[in-house]
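S.K.:
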Amino acid sequence: MTKIIADEKLIDEFLERGVEAIYPSKEAFRKKLMSGERLKIYEGFDPTGPHLHVGHAMGIRALGILQKLGHEVIFLVGDYTAKVGDPDKDTTRKMLTDEEIENNMSSWKKQAGQLIDFDGKNPVRFERNYKWLSKLKLNDLIQLMSNITVQRMLERDMFERRIKEGDPIRLHEFIYPLMQGYDGVAMEVDMEIGGTDQTFNMLVGRDLIKSYLGKEKFVRTNKMMDAPDGRTMSKTKGNGINLADSPEDMFGKAMSYSDEHILSGFELLTDVSMEEIEKMKLAMEKGENPMIFKKKMAYEIVKIIKGEKAAEVAQKHFEQVISKKELPMDISEIKVFIGELLIDVLVKNELASSKADARRKIDQGGVKIDNEAIYDWQLKLDENYSEKIIKVGKREFRRIKITK
RNA sequence: GGGUCGGUGGCGGAGUGGUCAAUCGCAGCUGACUGUAAAUCAGCCGAUUUCGGUCUACGGGGGUUCGAAUCCCUCCCGGCCCA
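Just so we're aligned, residue 50 is where the first sequence starts under the numbering used here, counting upward by one.
1. So, for TYR348: in the same chain, excluding its five sequence neighbours on each side, which residues have a beta-carbon less than 6 Å away from its beta-carbon?
2. Excluding the five sequence neighbours on either side, which residues of its own chain have a C-beta within less than 6 Å of the C-beta of GLY414, listed in chain order?
3. How close, in whole Å, do the beta carbons of ILE218 and ARG211 come, if the pair is a contact with beta carbons under 8 Å?
4. Using only the alpha-carbon positions, how far apart do ASN398 and PHE78 sit?
5. Which same chain residues end up closer than 6 Å to ASP308 when comparing Cβ atoms and leaving out the 5 residues on each side of it in sequence?
6. Could you work out which residue in LEU257, MET207, ILE449 and ASP412 is closest to THR198 when comparing CA atoms only?
7. Secondary structure at TYR306, three-state DSSP: helix, strand or coil?
8. Can you list the beta strand (DSSP E) stretches of 3 or more residues lying completely in the segment 286-357, in chain order?
9. Would you mind giving the Cβ-Cβ distance between GLY289 and VAL103, rounded to the nearest angstrom? I have them listed as a contact below 8 Å.
10. As an exercise, report each continuous alpha helix (DSSP H) stretch of at least 4 residues that is fully enclosed by the segment 366-440, in chain order.
11. Would you kindly work out how many angstroms separate the C-alpha atoms of SER183 and SER195, rounded to a whole number?
12. Taking all protein chains shown into account, do 16 or more other C-beta atoms lie within 10 angstroms of the C-beta of LYS440, making it buried, or fewer, making it exposed?
13. Expressed to the nearest angstrom, what Euclidean distance is found between the alpha-carbon atoms of GLY301 and ASN250?
14. Within its chain, find whatever has a CB closer than 8 Å to the CB of SER403; leave out the 5 residues flanking it on each side and keep chain order.
15. Kindly indicate which residue of ILE53, LYS75 and GLN160 has the alpha-carbon position closest to the one of LYS117.
16. Determine, using beta-carbon pairs with one atom in the segment 322-341 and one in the segment 377-391, whether at least three such pairs fall under 8 Å.
17. Return the first residue and the last residue of the alpha helix (DSSP H) that SER70 is part of.
18. Write down every uninterrupted run of the alpha helix (DSSP H) in the segment 96-150 whose length is 4 residues or greater and which is fully enclosed by it, in chain order.
19. Alpha carbon to alpha carbon, how far is ILE341 from MET83? Give it in angstroms, no decimals.
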């Protein structure tokens, strides 16, 4: 039996940092954590896209704290719920095929494994809800549905909005929260963690657990971090800073946050203490260059996922390539046949999405060889271009390797 | 089931017989600038081309016409109202 640790500092962090709310209350859950009882906690992730992002990392790190405290933690993949799709703001989600789902989740264990431990003395359990949801019979479903009213369903703000806008809502979308709630019943959990967008679903789950198991499920909702483009970070849109991104990419994406996001980025995505964040806030108000702090934020974000070394390398890469416009350290090679058209080379190596796109980039001075813009889209590459560096846009570099 | 309105590019949304590969906004791309892959500004933004064109595309199919996203028929799908 794993020993339960009641480390008040860790508990405080779990209850406060990046937390929007805890239901029924923070104090109630603190008591629970201090009681010595071993709790079962989970967060679910639907494989609607291949990438987990730093927004998910918030929840995953929270799970990590509970793992450290000795509780039983479950990382649940919603492979069955993903089929139905959590209702979206303005559209019905498309239903995914088994294959898409498998693809999307194929590396999740690895991605999440950067933050929590799936092995060791108190391993995080990796589960899929296919295990129980696929076994539900119509009878079970009817019983499940009888627990909740249509009125309650319609309260969900996105449904309300879609009704007002005249956007269709399909009946199966109502089943989603019930399926998610049933996960908690099947696993008999004591707590669920999720973003504020999951509040409704998680609270429905609270009712279900009360009714099926007669116990209380606590709910922790996380604040949500915007994506660098200012929209919601989303698996489906793919606009987030992804856990599978290279450190360099993560750093760059983090740098593209607008200045207003710096402080919340520190709070939600890094371990930097709240006191320090407050100091930075004052410094910026006094007129210090926000760029300095944004770089630190980017560094800390990379550090938390990829480690200190990778963060240092990423920062150097950014300063060298973006700030100073120098060549990066590592440049991957591409094979080029003698006499091959530059346009074809760009397309073949995914530096352009089509020949027309390649031509446009060339026309606009976006393609350089050894730092010299090429404007001739009919250019053929030959031996003279061996070992030269092609640069496309601001940050794609390739070394030419001529082959016969 | 009846009535009515509608289905346009990754998304939102104009266009109602020719100058429509389709106004515009968002997203994306390239450049300039900078403190950044921020903001701002400029350009680009279906594919293919021997750069003359050619092909595919406005829910699907068929038709009218020299010519259709635009008109007609039919089918499919959705919103709203009524039952």
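Ideal Cβ positions, reconstructed from N, Cα and C, are used throughout, including at glycine.
M.R.: Result, derived from the coordinates:
1. ALA360 and GLN364
2. ALA422
3. 5 Å
4. 53 Å
5. PRO339
6. LEU257
7. coil
8. none
9. 7 Å
10. 391-397 and 404-412
11. 19 Å
12. buried
13. 34 Å
14. VAL396
15. ILE53
16. no
17. First, the amino acid is wrong: residue 70 is Ala here, not Ser. No alpha helix (DSSP H) holds ALA70; the beta strand (DSSP E) holding it covers 68-72.
18. 103-117 and 130-133
19. 40 Å
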